[in-house]
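*Asks:*
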Amino acid sequence: MLNFTPDQQRAISENDKNLRIIACAGSGKTSTVAAKITHLLLGENNAAVEPRNIIAFTYTEKAAAELRNKVLKTIKEDDRLKNVQAIADMYIGTIHGWCLKALQENEYQYQKFSVLDDIKLRLFVDKNYKKIGMSDVTKVSNDDITMQIFVDTKRFIQLMNVIRESELDGELPSHIVLAKQKYEGLLKENCYFDFTMIMTEAIDKLQEKRDLYNKIKKDLKYLIVDEYQDINPIQGILINQLYQVAKPVITVVGDDDQNIYQWRGSNSSFIKDFLHDYEPAHEIILDRNFRSSKGVTALAETIISRNDRIPKSMISAEKQTFSKNNDVLYNEFVSTVEENGTIAQMIVDLRGTPFKSNVTDPNEPERGLDYSDFAILLRTWSKTAGIVNELEKLDIPYITAGVNQLFSVNEVKAAYGIFQYLNKSISAEELLQLWIQIRNSNFASNNLLLGIEYLNSKFPEKQVDRNGKAIWAFSLQQIYWDFLEKSQINEEAFQSQHIAEIVMYNLGKFSQVINDFEEIYFNSSVPSYHLFSFLQFIRYAAADHYPEGWLNNPFRAPNAVQIMTIHQAKGLEFPVVFIPGLNKNYMPAKKVGGLTEWHFLNPALIKNQQRYIGSEEDERRLFYVAITRAQKFLFISRAPDENNQLYRKASQFVSELAESDAIVTNLPPFEKNLKIEASPKKEAVSITLNFSVLKDFFECQYRFKLVSMYNFSYPLDQRMGFGRSLHNTLMEIHKRSKLGEELSQDDVLDIANGQSHFPYLGKSTILEQMKDLVKERVAEYYKRNKDSFKNIEYVEQEIQLNLDNGILVTGKIDLIRRKLYEDKYETTIIEFKSKQDVQNQKITYDQLNLYALGHKELTGQTADYIQIYDLEYNTQLPPKSLREDNLEETNSRIQNAAAVIRSQTFSRIDKKEVCKDCLQYHICHSGIKYNS
DNA sequence: TGGGGGAAGGTTTTT
DNA sequence: CCTTCCCCCA
1 MLNFTPDQQR AISENDKNLR IIACAGSGKT STVAAKITHL LLGENNAAVE
51 PRNIIAFTYT EKAAAELRNK VLKTIKEDDR LKNVQAIADM YIGTIHGWCL
101 KALQENEYQY QKFSVLDDIK LRLFVDKNYK KIGMSDVTKV SNDDITMQIF
151 VDTKRFIQLM NVIRESELDG ELPSHIVLAK QKYEGLLKEN CYFDFTMIMT
201 EAIDKLQEKR DLYNKIKKDL KYLIVDEYQD INPIQGILIN QLYQVAKPVI
251 TVVGDDDQNI YQWRGSNSSF IKDFLHDYEP AHEIILDRNF RSSKGVTALA
301 ETIISRNDRI PKSMISAEKQ TFSKNNDVLY NEFVSTVEEN GTIAQMIVDL
351 RGTPFKSNVT DPNEPERGLD YSDFAILLRT WSKTAGIVNE LEKLDIPYIT
401 AGVNQLFSVN EVKAAYGIFQ YLNKSISAEE LLQLWIQIRN SNFASNNLLL
451 GIEYLNSKFP EKQVDRNGKA IWAFSLQQIY WDFLEKSQIN EEAFQSQHIA
501 EIVMYNLGKF SQVINDFEEI YFNSSVPSYH LFSFLQFIRY AAADHYPEGW
551 LNNPFRAPNA VQIMTIHQAK GLEFPVVFIP GLNKNYMPAK KVGGLTEWHF
601 LNPALIKNQQ RYIGSEEDER RLFYVAITRA QKFLFISRAP DENNQLYRKA
651 SQFVSELAES DAIVTNLPPF EKNLKIEASP KKEAVSITLN FSVLKDFFEC
701 QYRFKLVSMY NFSYPLDQRM GFGRSLHNTL MEIHKRSKLG EELSQDDVLD
751 IANGQSHFPY LGKSTILEQM KDLVKERVAE YYKRNKDSFK NIEYVEQEIQ
801 LNLDNGILVT GKIDLIRRKL YEDKYETTII EFKSKQDVQN QKITYDQLNL
851 YALGHKELTG QTADYIQIYD LEYNTQLPPK SLREDNLEET NSRIQNAAAV
901 IRSQTFSRID KKEVCKDCLQ YHICHSGIKY NS
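Take 1 as the starting number for the first sequence in UniProt numbering and just add one per residue.
Spelled out as structure tokens, the structure:
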């Protein structure tokens with residue numbers, strides 16, 4: 001959107017006072033915020049604003065990527081911004097992401113922490129049921145009843161979240177306080193964060209007024225918070241603290257009508273109170289909707305006006321025409337089969353209808369609507385099966401992102417079978433059959449038999465000595481990889497490339513399932529128990545947790561009808577939207593029964609506890625969000641559900657709809673519609689690559705595919721952590737030296753001690769040996785190099801390369817030194833190499849050339865040398881001088897890489913010298929050839 | 001028309 | 001384990 005309305009222009013250019021922007025659905029919010037950021041970088045109002053002065057928070061990573069891309073695109077295109085440097089210092093991302101980065105960059109002890117996601121946290125809690133305090137929590141109604149392992153794990157985690165993310169109203173009972181202490185203590189002891197702790201630690205560190213505090217105070221001048229209506233109390237505190245520390249100009253953007261995340265305690269009172277909390281502040285309301293026709297906006301207004309809200313009205317900018325009796329319709333059917341069948345037929349009939357996203361733009365060409373222009377929005381996933389049935393009858397392609405069905409596909413059942421076989425719950429013949437029945441495969445039985453023969457040597461009872469003690473690390477991941485290799489299961493073994501990819505994606509996803517489990521349960525017990533716990537994990541936790549693998553392809557947007565929940569659709573728009581199933585108990589959803597965290601925690605102790613429960617207004621907002629996704633066609637419908645007594649009556653929203661004259665009960669006369677050739681919206685998926693992934697690509701395109709698309713996880717190894725420990729130690733030494741600290745030999749050893757972390761070593765006797773090895777290497781490094789520390793210019797510097805066509809390359813440079821030689825400065829980019837970590841493959845000069853490009857973006861200068869420092873022998877390899885044409889060549893190689901990734905055509909290298917070092921050889925045709 | 005009792009049914013998801 | 005529906009009875 002090149003032309004901004006006067007209101008949008010004010011929102012962009014007014015940066016002298018705190019500002020609340022109320023942005024209606026479809027009001028061009030992201031474009032406006034992006035323009036605001038580039039406007040700041042232009043420095044028109046005040047003296048130069050540097051990227052590091054800006055923090056912009058978004059609610060999700062996806063929203064962050066979208067905003068970042070828009071900003072970077074403008075920077076690329078606007079000549080006045082040509083000289084902006086160090087873009088990577090500007091933060092655009094989630095609050096959690098910022099807190100983690102801020103902690104790790106400024107408070108050295110967090111460098112070795114990692115974040116546990118949902119499933120790993122559950123594993124960790126169950127594994128430590130007693131130690132983590134779960135057994136201390138008792139029911140409010142009866143303190144003899146405690147939380148049960150496995151059964152109450154989710155509730156326990158929810159309870160921990162609630163008490164740490166909300167505002168308390170009174171004292172928590174002592175058993176909960178105790179559990180909280182144990183919980184946080186054990187996580188920290190193991191160098192783990194959960195999502196809440198990232199924020200609470202950042203808040204604590206800000207209060208300590210040390211490094212992080214000083215950094216914020218110095219740098220932060222503009223704070224932008226998107227989706228401010230979804231903020232919860234802990235996030236509110238964090239934002240307020242940043243504000244108190246640095247007194248930045250704060251801009252919040254949001255729409256109280258779109259607060260739909262109440263179960264996290266998010267609360268639109270923050271946006272409502274903003275003008276008072278952040279005085280003096282002014283306000284701009286963006287009420288023009290550039291997305292939808294006036295029929296859609298009128299209907300949405302009718303619905304939402306029943307809510308208690310910030311007064312405003314949304315006005316359609318009429319970028320779509322509205323044809324009453326045709327575009328916005330409500331229909332009732334006698335059965336859900338008929339309802340869903342009609343939806344499928346409507347998709348067929350409407351496909352090819354001419355469409356423009358802006359009818360007033362004479363330059364925009366018309367295109368025919370295609371599958372990806374249709375969205376079916378759901379309140380709950382329970383409706384999916386019926387819809388999918390009808391779509392399949394008419395051969396309509398669709399995607400359902402969010403249905404976790406990984407374990408229902410045959411290839412994953414077969415992969416699971418490997419471990420059932422090891423557990424002796426299925427026979428060899430059954431396992432063989434599981435693999436043979438995989439769609440489209442040409443797996444040779446004799447190869448599979450080789451795989452099974454290999455498994456015969458891996459029965460867990462064979463992996464222990466006479467005393468029942470494990471004789472070697474029993475790695476399920478290793479067994480999995482080896483089985484795939486011996487059985488020659490790889491892409492070449494399929495008749496169709498398309499199916500091969502889907503199957504390999506799913507097998508890759510299963511590899512991640514193993515990885516999630518083994519990261520927490522690595523070597524924790526005897527092999528048979530390890531296997532048993534894994535099978536338990538799959539049955540009780542993993543089975544409905546993982547989506548099918550191919551849905552995760554980040555580089556492709558398929559042309560298919562989108563079936564998704566309303567929550568997922570937030571922020572999106574579609575020419576055609578269906579909202580089926582408008583029944584009582586579905587929308588508004590019925591209150592859910594069952595045991596909750598509130599049976600273990602008195603609701604009166606939590607301020608605004610009602611937010612976690614939700615209300616009729618919350619459901620109405622959800623309906624509002626669903627309606628406002630539509631650009632032109634909106635079809636709402638219902639039918640009594642013959643199979644479910646809860647969904648037989650109409651939703652109360654049906655009668656609310658009827659108050660608007662935009663909506664009509666009618667089936668549209670589609671057959672009269674003019675049709676043109678269907679053609680999906682052309683939007684190049686933006687691609688973010690990091691430097692190490694690119695290096696893979698340069699060595700072998702197919703390896704990139706195996707690593708970055710299929711995501712097979714490499715087997716864990718006890719010694720993992722050595723490279724990272726060493727790396728983190730050097731980082732702290734370099735950073736502190738750069739700040740002018742004189743470190744003694746003892747300090748250096750202390751640092752090494754503090755930064756050493758071997759997550760898979762447990763209480764093994766090797767631990768001390770490994771730590772000593774880190775110390776030894778570091779001491780030697782320090783002795784040999786401390787004189788050059790005065791020349792350090794950047795340590796662990798983050799860089800970003802913003803190439804054309806939405807390609808973003810990110811990375812971190814270990815060390816940059818700058819030294820005066822006679823009258824000229826010489827800059828050297830240094831990367832450290834340590835052989836110990838299995839996953840770290842060799843560093844190449846390709847990679848360093850990439851760093852040189854990043855360095856040029858950072859400083860505007862071309863570095864003089866690139867150099868590799870070998871920590872194994874504590875020697876620097878001879879520096880290589882850098883020429884401008886190295887950079888140009890690297891640049892064009894990245895462009896080429898992006899083109900290949902977009903077209904998804906990866907060629908396999910078939911060369912012994914590359915393949916023999918490849919860690920992915922188990923699942924690669926050439927790899928197997930050269931390695932077995 | 002009100003309520004007792006039994007049977008059925010059972011969110012949303014990001015970090 | 002709790003909510004909602006539905007039927008039956010007063």
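We put the CB at the ideal spot given by N, CA and C, even for glycine. All values derive from a computational prediction rather than experimental measurement.
#1: Have a look at I224, E518, S382, K130 and flag the residue whose alpha-carbon is nearest the alpha-carbon of Q181.
#2: Assess, as a yes-or-no matter, whether the region 536-556 is touched by the region 599-614 under the definition of 3 or more beta carbon pairs within less than 8 angstroms.
#3: Grab me the residues of L749's own chain with a C-beta within less than 7 angstroms of its C-beta, minus the 5 sequence neighbours each way, in chain order.
#4: Give me the Cα-Cα distance between Q148 and L601, rounded to the nearest whole angstrom.
#5: Do I396 and I347 come within 7 angstroms of each other at the CB atom, strictly closer than that value?
#6: Anyone know if the C-beta pair for S441 and A493 falls short of 7 angstroms?
#7: For the region 408-450, which segments carrying the alpha helix (DSSP H) assignment without a break, of at least 4 residues, lie completely within its bounds, in sequence order?
#8: According to DSSP, Y91 sits in a beta bridge with which residue or residues?
#9: Of all the options I216, R264, T251, which has the alpha carbon lying nearest to the alpha carbon of D230?
#10: Assuming E780 is part of the alpha helix (DSSP H), what are its boundary residues?
#11: Using 8 angstroms as the cut-off, can you tell me whether the region 254-268 makes contact with the region 579-598, which would need three or more C-beta pairs spanning the two stretches below that distance?
#12: Does DSSP put C918 in a helix, a strand or coil?
#13: Short of 6 angstroms in beta carbon distance, which residues of its chain neighbour I909, apart from the five on each side in sequence? Order them along the chain.
#14: Excluding sequence positions up to five away, which residues of its chain have a Cβ less than 7 angstroms from the Cβ of L186?
#15: Could you check whether S881 and G723 sit closer than 7 angstroms to each other, using their CB atoms as the reference points?
#16: Using 8 angstroms as the cut-off, can you tell me whether the region 200-207 makes contact with the region 226-244, which would need three or more C-beta pairs spanning the two stretches below that distance?
#17: In this structure, how does DSSP classify G236 when only helix, strand and coil are distinguished?
#18: Using 8 angstroms for Cβ pairs, my map puts H925 next to N490. What's the rounded Cβ distance?
#19: For residue 962, does the count of other Cβ atoms within 10 angstroms reach 16, so buried, or fall short, so exposed?
#20: Could you pull the start and end residues of the beta strand (DSSP E) that E699 belongs to?
#21: Going by beta-carbon coordinates alone, are K695 and D846 separated by less than 7 angstroms?
#22: So V125 and T153 are in contact, right, with Cβ under 8 angstroms, and what is the actual spacing, rounded?
#23: If contact is defined by three or more beta carbon pairs under 8 angstroms, each pair taking one atom from either stretch, is the region 326-344 in contact with the region 386-393?
#24: Assuming the contact rule is C-beta atoms closer than 8 angstroms, L730 and Y781 should be a hit. Round their C-beta distance to whole Å, please.
#25: Tell me which residues share the same chain as D16 and place their Cβ nearer than 6 angstroms to its Cβ, disregarding the 5 neighbours each side in the sequence.
#26: Quick check: what's the CA-CA separation for F419 versus K458?
#27: In the DSSP assignment, what are the bridge partners of L19?
#28: Could you give the distance in angstroms between the alpha-carbon of R648 and the alpha-carbon of D641?
#29: Just tell me which of N190, T94, G93, T38 has its CA closest to the CA of Y110.
#30: In this structure, what does DSSP give as the bridge partners for V71?
#31: If you reduce the DSSP assignment to three classes, tell me which class I928 lands in.
#32: Okay, do the region 573-589 and the region 621-638 touch, 3+ Cβ pairs below 8 angstroms being the bar?
#33: Curious, which full-length alpha helix (DSSP H) runs of at least 4 residues does the region 854-915 contain?
#34: How is I343 classed by DSSP in three states: helix, strand or coil?
#35: Is the region 504-518 close to the region 403-414, with three or more CB pairs under 8 angstroms?
#36: Closest to M720 by C-alpha separation, out of Y702, F758, F691, E884, would be which residue?
*Replies:* By the coordinates alone:
#1: K130
#2: no
#3: K775, A779
#4: 15 angstroms
#5: yes
#6: yes
#7: 410-422, 428-436
#8: I55
#9: R264
#10: 766-785
#11: no
#12: coil
#13: C700
#14: N128, K131, I132
#15: no
#16: yes
#17: helix
#18: 5 angstroms
#19: Past the edges of the chain, shown from 1 to 932, lies residue 962, and the structure says nothing about it.
#20: No beta strand (DSSP E) holds E699; the alpha helix (DSSP H) holding it covers 691-699.
#21: yes
#22: 5 angstroms
#23: yes
#24: 7 angstroms
#25: none
#26: 10 angstroms
#27: T251, H282
#28: 5 angstroms
#29: N190
#30: V71 is not bridged to any residue.
#31: helix
#32: yes
#33: 884-903, 912-915
#34: helix
#35: yes
#36: F758
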